[in-house]
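Numbering (the numbering used here), first residue to last: 38 to 113. The beta-carbon is built from N, C-alpha and C at its ideal position, and this holds for glycine as well. Let me begin by presenting the structure, written as C-alpha coordinates, before commenting on it.
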Amino acid sequence: MGIMDMKVGDKAEITGYTVTQAGYRAKLLALGLTRGAEIQLVGVAPLGDPMRLRVRGFELSLRKSEATALQLRVAR
(Lines of atoms letter the chains of each structure in order from A; the text may use other names.)
(Lines give C-alpha, C1' and ligand atoms only; values in the text may rest on other atoms or scores of the structure.)
Protein backbone atom coordinates (compact mmCIF):
# COMPACT_ATOMS: atom_id res chain seq x y z
CA MET A 38 0.00 0.00 0.00
CA GLY A 39 1.20 3.50 -0.72
CA ILE A 40 0.38 6.81 0.92
CA MET A 41 -1.65 7.81 -2.14
CA ASP A 42 -4.10 4.99 -1.28
CA MET A 43 -4.89 6.51 2.13
CA LYS A 44 -7.86 8.71 2.93
CA VAL A 45 -8.00 11.30 5.71
CA GLY A 46 -8.28 9.47 9.04
CA ASP A 47 -6.69 6.24 7.80
CA LYS A 48 -3.83 4.70 9.78
CA ALA A 49 -0.96 2.64 8.44
CA GLU A 50 2.30 1.11 9.62
CA ILE A 51 5.59 1.90 7.90
CA THR A 52 7.09 -1.31 6.50
CA GLY A 53 9.95 0.11 4.44
CA TYR A 54 11.04 2.65 1.87
CA THR A 55 11.23 2.79 -1.91
CA VAL A 56 14.61 3.30 -3.48
CA THR A 57 15.61 6.90 -2.73
CA GLN A 58 18.77 8.85 -2.22
CA ALA A 59 20.50 7.85 1.00
CA GLY A 60 20.36 11.41 2.36
CA TYR A 61 16.60 11.60 1.88
CA ARG A 62 16.01 8.30 3.67
CA ALA A 63 18.09 9.62 6.58
CA LYS A 64 15.83 12.69 6.68
CA LEU A 65 12.72 10.48 6.94
CA LEU A 66 14.33 8.47 9.74
CA ALA A 67 15.29 11.65 11.60
CA LEU A 68 11.65 12.77 11.44
CA GLY A 69 10.61 9.57 13.24
CA LEU A 70 9.31 7.80 10.15
CA THR A 71 10.96 4.49 11.03
CA ARG A 72 9.86 0.94 10.28
CA GLY A 73 7.05 -0.14 12.57
CA ALA A 74 5.90 3.41 13.31
CA GLU A 75 2.18 4.06 12.89
CA ILE A 76 1.15 7.08 10.85
CA GLN A 77 -2.24 8.66 10.35
CA LEU A 78 -3.23 10.89 7.45
CA VAL A 79 -4.65 13.95 9.21
CA GLY A 80 -5.28 16.18 6.23
CA VAL A 81 -4.39 17.22 2.73
CA ALA A 82 -3.98 20.80 1.53
CA PRO A 83 -6.74 22.14 -0.75
CA LEU A 84 -4.65 21.63 -3.88
CA GLY A 85 -3.55 18.18 -2.71
CA ASP A 86 -0.04 19.03 -1.59
CA PRO A 87 1.37 18.85 1.12
CA MET A 88 -0.06 16.04 3.23
CA ARG A 89 -0.33 16.35 7.03
CA LEU A 90 0.66 13.22 8.95
CA ARG A 91 0.54 12.29 12.63
CA VAL A 92 3.38 10.08 13.82
CA ARG A 93 4.70 9.40 17.34
CA GLY A 94 2.46 12.04 18.91
CA PHE A 95 3.29 14.96 16.62
CA GLU A 96 2.17 16.20 13.22
CA LEU A 97 4.32 16.94 10.22
CA SER A 98 3.73 17.93 6.63
CA LEU A 99 5.34 16.20 3.67
CA ARG A 100 5.04 16.80 -0.04
CA LYS A 101 3.36 13.95 -1.90
CA SER A 102 6.57 13.36 -3.82
CA GLU A 103 8.41 12.87 -0.50
CA ALA A 104 5.68 10.80 1.17
CA THR A 105 5.56 8.30 -1.71
CA ALA A 106 8.95 6.99 -0.51
CA LEU A 107 7.12 5.27 2.38
CA GLN A 108 5.92 1.69 2.00
CA LEU A 109 2.91 1.02 4.22
CA ARG A 110 0.43 -1.60 5.35
CA VAL A 111 -2.93 -1.02 6.98
CA ALA A 112 -2.54 -0.62 10.75
CA ARG A 113 -4.16 -3.25 12.93
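Can you check which of these residues, the options, is closest to residue i by C-alpha distance?
i     : options                  : result
Arg91 : Glu103, Ile76 and Ser102 : Ile76
Compute the beta-carbon to beta-carbon distance between residue i and residue j, rounded to the nearest angstrom, for a pair I have assumed lies under 8 Å.
i     : j      : result
Thr52 : Gln108 : 5 Å
If we ignore side chains and look at the alpha-carbon of each, how far apart do residue i and residue j end up?
i      : j      : result
Leu66  : Met88  : 18 Å
Thr55  : Arg100 : 15 Å
Ala112 : Glu50  : 5 Å
Gly73  : Ala63  : 16 Å
Phe95  : Tyr61  : 20 Å
Gly80  : Lys48  : 12 Å
Ser102 : Gly85  : 11 Å
Can the beta-carbon of residue i be found closer than 8 Å to that of residue j?
i      : j      : result
Met38  : Arg110 : yes
Leu97  : Leu78  : no
Thr105 : Met41  : yes
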